[in-house]
Amino acid sequence: MTRWLDVEVGTDDIDLNTLPQNLALLDLHNDNEFKLLIGDFGRGEDGPKLKVFKGAMQISDTVLPDLPLGVVGFYISETVPRSVPIIAVAYSSCVFMYRNLKLFYKYYLPSIELSMCEMEVWKQLTNPINHNIDAIKPLIDSLKAIPHETLTPQSQDILTLTPEQRLEYLENNAELPSRNNAEIVCINTLKMHSIDKYSVSCVVIATEDGDVILLEPQTFSQLCQAKICGVKKTPFQMITTGLYSVDYRITIATREKSVCILKRDWPEGRILFNTDDHIIAIEVITADSSVMVICADHSMACYSKKGKKQWCLTLEHRPVAMTLVPVLHLGVTLTGVALASGHVHLYDGKARRDTVFVRGGCVGVGARASVRWQGAEGHCVCERCLTVEHHDASASGSPGVTLTGVALASGHVHLYDGKARRDTVFVRDVVSVMKFGQLGQEEHVLIIITGGGNLMLKILKRTADFSAHAAGVEMAPSALTGQKPWLIPKKSKLFLEQSVRERENATLMHKTFQHELNRLRLLAATTLLEAHKKSDNSVGIGPMESMRLTAEVEGLGPVFRVTLMIENNSKDKAVIGLSILFHVHTVNYKVSNPYIKVPLLSPGGKLKFPTKIEEVFDDNISPDVLFRPVTGQGGERSLIKVLLLKEGKKTPVLAATVQMPPTDPMMLPFDKMQAIAGIEEKEDSNWTNKT
Amino acid sequence: MGLLDKLSVWLGRGRAEVTVLVLGLDNSGKSTLLQALRPPDARAPPQHAAPTVGQTQEHFTSGGVAFSAWDVSGAPRHRALWERHYRRAHAVIFVVDSADHLRLVVAREELELLLAHPDMFGRRVPLLVFANKHDAPHALAPMQVAAALGLERITDKPWHICASCALSGAGLADGVAWLARQLRDAHLPHAHT
Numbered sequence: 001m002t003r004w005l006d007v008e009v010g011t012d013d014i015d016l017n018t019l020p021q022n023l024a025l026l027d028l029h030n031d032n033e034f035k036l037l038i039g040d041f042g043r044g045e046d047g048p049k050l051k052v053f054k055g056a057m058q059i060s061d062t063v064l065p066d067l068p069l070g071v072v073g074f075y076i077s078e079t080v081p082r083s084v085p086i087i088a089v090a091y092s093s094c095v096f097m098y099r100n101l102k103l104f105y106k107y108y109l110p111s112i113e114l115s116m117c118e119m120e121v122w123k124q125l126t127n128p129i130n131h132n133i134d135a136i137k138p139l140i141d142s143l144k145a146i147p148h149e150t151l152t153p154q155s156q157d158i159l160t161l162t163p164e165q166r167l168e169y170l171e172n173n174a175e176l177p178s179r180n181n182a183e184i185v186c187i188n189t190l191k192m193h194s195i196d197k198y199s200v201s202c203v204v205i206a207t208e209d210g211d212v213i214l215l216e217p218q219t220f221s222q223l224c225q226a227k228i229c230g231v232k233k234t235p236f237q238m239i240t241t242g243l244y245s246v247d248y249r250i251t252i253a254t255r256e257k258s259v260c261i262l263k264r265d266w267p268e269g270r271i272l273f274n275t276d277d278h279i280i281a282i283e284v285i286t287a288d289s290s291v292m293v294i295c296a297d298h299s300m301a302c303y304s305k306k307g308k309k310q311w312c313l314t315l316e317h318r319p320v321a322m323t324l325v326p327v328l329h330l331g332v333t334l335t336g337v338a339l340a341s342g343h344v345h346l347y348d349g350k351a352r353r354d355t356v357f358v359r360g361g362c363v364g365v366g367a368r369a370s371v372r373w374q375g376a377e378g379h380c381v382c383e384r385c386l387t388v389e390h391h392d393a394s395a396s397g398s399p400g401v402t403l404t405g406v407a408l409a410s411g412h413v414h415l416y417d418g419k420a421r422r423d424t425v426f427v428r429d430v431v432s433v434m435k436f437g438q439l440g441q442e443e444h445v446l447i448i449i450t451g452g453g454n455l456m457l458k459i460l461k462r463t464a465d466f467s468a469h470a471a472g473v474e475m476a477p478s479a480l481t482g483q484k485p486w487l488i489p490k491k492s493k494l495f496l497e498q499s500v501r502e503r504e505n506a507t508l509m510h511k512t513f514q515h516e517l518n519r520l521r522l523l524a525a526t527t528l529l530e531a532h533k534k535s536d537n538s539v540g541i542g543p544m545e546s547m548r549l550t551a552e553v554e555g556l557g558p559v560f561r562v563t564l565m566i567e568n569n570s571k572d573k574a575v576i577g578l579s580i581l582f583h584v585h586t587v588n589y590k591v592s593n594p595y596i597k598v599p600l601l602s603p604g605g606k607l608k609f610p611t612k613i614e615e616v617f618d619d620n621i622s623p624d625v626l627f628r629p630v631t632g633q634g635g636e637r638s639l640i641k642v643l644l645l646k647e648g649k650k651t652p653v654l655a656a657t658v659q660m661p662p663t664d665p666m667m668l669p670f671d672k673m674q675a676i677a678g679i680e681e682k683e684d685s686n687w688t689n690k691t
Numbered sequence: 001m002g003l004l005d006k007l008s009v010w011l012g013r014g015r016a017e018v019t020v021l022v023l024g025l026d027n028s029g030k031s032t033l034l035q036a037l038r039p040p041d042a043r044a045p046p047q048h049a050a051p052t053v054g055q056t057q058e059h060f061t062s063g064g065v066a067f068s069a070w071d072v073s074g075a076p077r078h079r080a081l082w083e084r085h086y087r088r089a090h091a092v093i094f095v096v097d098s099a100d101h102l103r104l105v106v107a108r109e110e111l112e113l114l115l116a117h118p119d120m121f122g123r124r125v126p127l128l129v130f131a132n133k134h135d136a137p138h139a140l141a142p143m144q145v146a147a148a149l150g151l152e153r154i155t156d157k158p159w160h161i162c163a164s165c166a167l168s169g170a171g172l173a174d175g176v177a178w179l180a181r182q183l184r185d186a187h188l189p190h191a192h193t
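So the protein sequences, as listed, match chains A and B. Sequential numbering of the first sequence, starting at 1, is according to UniProt numbering. Sequential numbering of the second sequence, starting at 1, is according to UniProt numbering.
In structure tokens:
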């Protein structure tokens, strides 16, 4: 189940060739409809252009004077109603500001003054008197004495030439070196006073020499300037966080495998950390200022804001691009990493949450599939197809052929002549630029520009869920191989004390334990012996194991109803030839039916035998008998033994002892009570006739 | 048909008012469309419509059927509330901005979620789709919108699509008349003949 909705982009004339920094999402016309701005390098003879997309549709096209190095949009005032945003496009050493797509300001980087020595040398070099090899040599040596970095490109050039070439060079262009302009490498914006989406921002520029310049939003004059690092570093990507007037951090990736950090009021930045291989892209998580880095050695790492390495993942393929995917309503900020294999992985921290496969440019090729080939002329209508050469060849062989190209979702393009397939081309396309943000009125749009120049738009579904259980992506390999450390709780003080005690008193503890164990065994043996003596077991043993005998006593007395229940728990065996025998002292109890023959008991069967038992009282009865539960001295008198016998066996199968409850004194005939109470009365035998 | 529906038909024979749900993405023109459907005397002076928050109720009559229309906010965070209204709806009006090519897929996704919801699935609720803003540049034709929304796959509900322009009111009467006809046939056999 995918979490993304694919937008169909009519790609017939979209051919983009750009870099991540040249993408900007901007509410260009102040209508709350975000446009996609792309600074396009163009291909072939097409020059660089600034293209504006509304949704998937290109709505404007502005020719740029030079190759764009970065496109950013920002606001320069907070008037109500909102003013239109300014677009800043960086070129080699200048930044052009556009309002309503019209150029209105040009900012040039401050030029660097030439050193006096170099100027002096050049004055002599340009003098025609010195135009011979002998005269040049000492001058060149003095040029060599000046540090190489501070020289102008012209001086650097002349040092690389041979003496003869130098002479020729000087004779042809006898000019003093021009001013040395720094080159811009990246551009970004930094919010001034508020993190609001439409608040005023200033432009931040980083140069080839490692300078960072902040421009005032109103006048575009220099606010402040700083070096990114003490040693020479060349920045190539810059990410700003924080506010200019409060506190800000500029995180800069350099070409020298290190990431530098520049904070407010620092005259010079410092190295945050170094990586093992060349950095491809960095991103800064706003929540905790941690830095995500993808490197050329297939690694993706996270560093804390102090520069400490938090974790590192090894990716399956070479990473190409990275973008942050903040999904605010779910409270997560994912990191999207595009790989050279055509996959885009979304990570939450180091856990992978989703994978999107950028199929061989199927969107673009699919749209172009209906392009009909003009076989007779031998060229196709679509110039940008990957199969042009091939097609020319086949067409020239058989003039008049019209091939039909069909692009499949698998990334294959089949070329058909009628219904016969002539060729198959596999179009593999990978992400070249990726950006996530608001486009049009949709907040969560992933914009992908593929290496082939296609534009892909993917909208995050409203119902998308990136929580761990819903991710549906296999666990990280480290968790599978069990490299995850065990959760071992810390040793508490109590635990330590106990272990010391155990070590000191080991013998005593062992003895005590053995002693207790023996006592337990003795108790068990005694209980077993006692049970054997009484042969009191309601559960059978041996072949009669499945028999159970239980008894239930009802009534207040002196006549009780004892119900015996015999169960056959066996699943497949029936029992026959059983009988029940009551074993009672005739002085105490009288049983109405002391011997019961039990019929056949089917497997799982259960039979009930109610029997009447009457307590017998003789004349000199002790009152204790009636108060058994109170005094606890009923003794042997109140017990009835029930034996379950089997034909042909000498020992009973089961035996149960039933403790009879005392007869309620109120149920005794009055005269008997009198007798018990010791009053001289004639014996009345009425009660004995009772049944 | 649920008990509530039967009850409302039984009780509402005198009033004959049906509940219709007006859904669609934000900025598709739901509130403006309902504004245009009001009787002319009750119509507010034309103004810039602010996004609806929560929901509002509108009443209008067409084809002898009195409608009580629920205008529900279409903002992404409010779309989860749509399903609260499904149970009591007799009909659904789905408004699509036919000039917003980018979000047609989003509209399709929301429509699919609506049709698959347990309170909607299998009920014969008439679905009227307005391909709104048909006068805007680059607007798609109603048939293209229908194809983009995958309407042809709906089998359990009668559906109809028509182009409209909520600002001028063009096309609205046509669509609502279809809806009134559907509702009269299904729900109110005794009210009007």
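Every residue, glycine too, gets a C-beta built ideally from N, C-alpha and C. Fair warning: this is a prediction, and the values are worked out from it, not measured in the lab.
Partners in chain B for His29 of chain A, counting only beta-carbon separations shorter than 7 Å: In chain order: nothing, as chain B lies at least about 14 Å away.
Neighbour flag for Val363 of chain A against chain B, beta carbons, 9 Å: Residue confidence is low: Val363 of chain A scores 38 on pLDDT, short of 50, so the model does not pin down where it sits. No coordinate-derived value is stated.
Cα-Cα separation, Lys490 of chain A to Leu23 of chain B: Roughly 58 Å between the two C-alpha positions.
Alpha-carbon to alpha-carbon, Asp26 of chain B and His329 of chain A: 17 Å
Glu164 of chain A, buried or exposed, once every other Cβ within 10 Å from all chains shown has been counted against 16: exposed
Bounding residues of the alpha helix (DSSP H) (the contiguous stretch that carries Leu85 of chain B): Note on residue identity: the sequence assigns His, not Leu, to residue 85 of chain B. Element bounds for His85 of chain B: 83-86.
Segment limits, beta strand (DSSP E) that includes Leu50 of chain A: Looking at the DSSP string, the run of the beta strand (DSSP E) that includes Leu50 of chain A is 49-54.
Contact list for the region 437-462 of chain A against chain B, Cβ threshold 9 Å: So the close ones are Leu439, Gly440, Gln441, Glu442, Glu443, His444, Val445, Leu457, Ile459, Lys461, Arg462.
His131 of chain A (DSSP reduced to helix, strand or coil): coil
Best match in A:Thr251, A:Thr333, A:His148, A:Trp122 for proximity to Ile136 of chain A [C-alpha to C-alpha]: A:Trp122
Meets three-Cβ-pair contact criterion under 8 Å: the region 337-348 of chain A and the region 312-324 of chain A: Judged by Cβ distances under 8 Å, the region 337-348 of chain A makes contact with the region 312-324 of chain A, as three or more pairs qualify.
Min CB distance Val7 of chain A to chain B below 9 Å: yes
Residue-chain proximity (Val96 of chain B, chain A), Cβ-Cβ < 9 Å: Chain A, which has no Cβ nearer than 9 Å to the Cβ of Val96 of chain B, makes this no.
Selection from A:Lys350, A:Arg264, A:His343, A:Thr234 that minimises the alpha carbon distance to Ser290 of chain A: A:Lys350
From B:Ala36, B:Gln182, B:Ala177, residue whose alpha carbon lies closest to that of Gly63 of chain B: B:Ala177
Stretch pair the region 517-531 of chain A + the region 560-580 of chain A: three plus CB contacts closer than 8 Å: no
Buried/exposed call for His148 of chain A, threshold 16 Cβ in 10 Å: Burial call: exposed.
Coarse secondary structure for Lys133 of chain B, derived from DSSP in three states: coil
Chain-ordered neighbours of Leu183 of chain B on chain A, where CB pairs are closer than 7 Å: The contacting residues do not exist; Leu183 of chain B stays about 30 Å from chain A at best.
Exposure label - Thr19 of chain B; buried when at least 16 CB within 10 Å: Buried, because 16 or more other Cβ atoms sit within 10 Å of the Cβ of Thr19 of chain B.
Cβ neighbour criterion (16 or more within 10 Å) applied to Met192 of chain A: Its Cβ being crowded by 16 or more others within 10 Å, Met192 of chain A is buried.
Residues that Gly55 of chain A contacts on chain B, provided the C-beta gap is smaller than 9 Å: Asp100, His101, Leu102, Arg103
Chain A residues whose Cβ lies nearer than 7 Å to that of Pro126 of chain B: The premise fails here: Pro126 of chain B is roughly 25 Å from chain A at the closest Cβ pair, so nothing lies under 7 Å.
Phe357 of chain A versus Phe466 of chain A: straight-line alpha-carbon distance, rounded: So the two alpha carbons sit approximately 17 Å from each other.
Closer than 9 Å at the beta carbon, the chain A residues around Asp26 of chain B: Gln441
Pair within 9 Å by beta-carbon distance, Val598 of chain A and Phe582 of chain A: Contact: no.
Euclidean distance between Cα positions of Arg372 of chain A and Asn17 of chain A: Since pLDDT at Arg372 of chain A reaches only 36, below the 50 mark, its modelled position is unreliable, and no value is offered.
Residues bridged to residue 198 of chain B [DSSP beta-bridge criterion]: Absent from the structure is residue 198 of chain B, since the part of chain B shown begins at 1 and ends at 193.
Burial state of Glu133 of chain B (16 or more Cβ within 10 Å): One detail in the question is off: residue 133 of chain B reads as Lys in this sequence, not Glu. Per the 10 Å Cβ criterion, buried.
Span of the alpha helix (DSSP H), counted from its first residue to its last, around Met116 of chain A: Segment 116-126, the alpha helix (DSSP H) holding Met116 of chain A.
C-beta atoms of Ala88 of chain A and Val72 of chain A nearer than 9 Å: yes
Contacts of Arg77 of chain B in chain A (Cβ-Cβ under 8 Å): His329
Those runs of the alpha helix (DSSP H) which lie wholly inside the region 211-298 of chain A and span at least 4 residues: none
Close Cβ partners of Gln124 of chain A (< 8 Å) along its chain, the five nearest in sequence each way excluded: Asn130, Leu139
Option in A:Thr126, A:Asp297, A:Asp196, A:Ser194 with minimal Cα separation from Leu167 of chain A: It is A:Thr126.
C-alpha gap between Lys157 of chain B and Asn100 of chain A, whole angstroms: 48 Å
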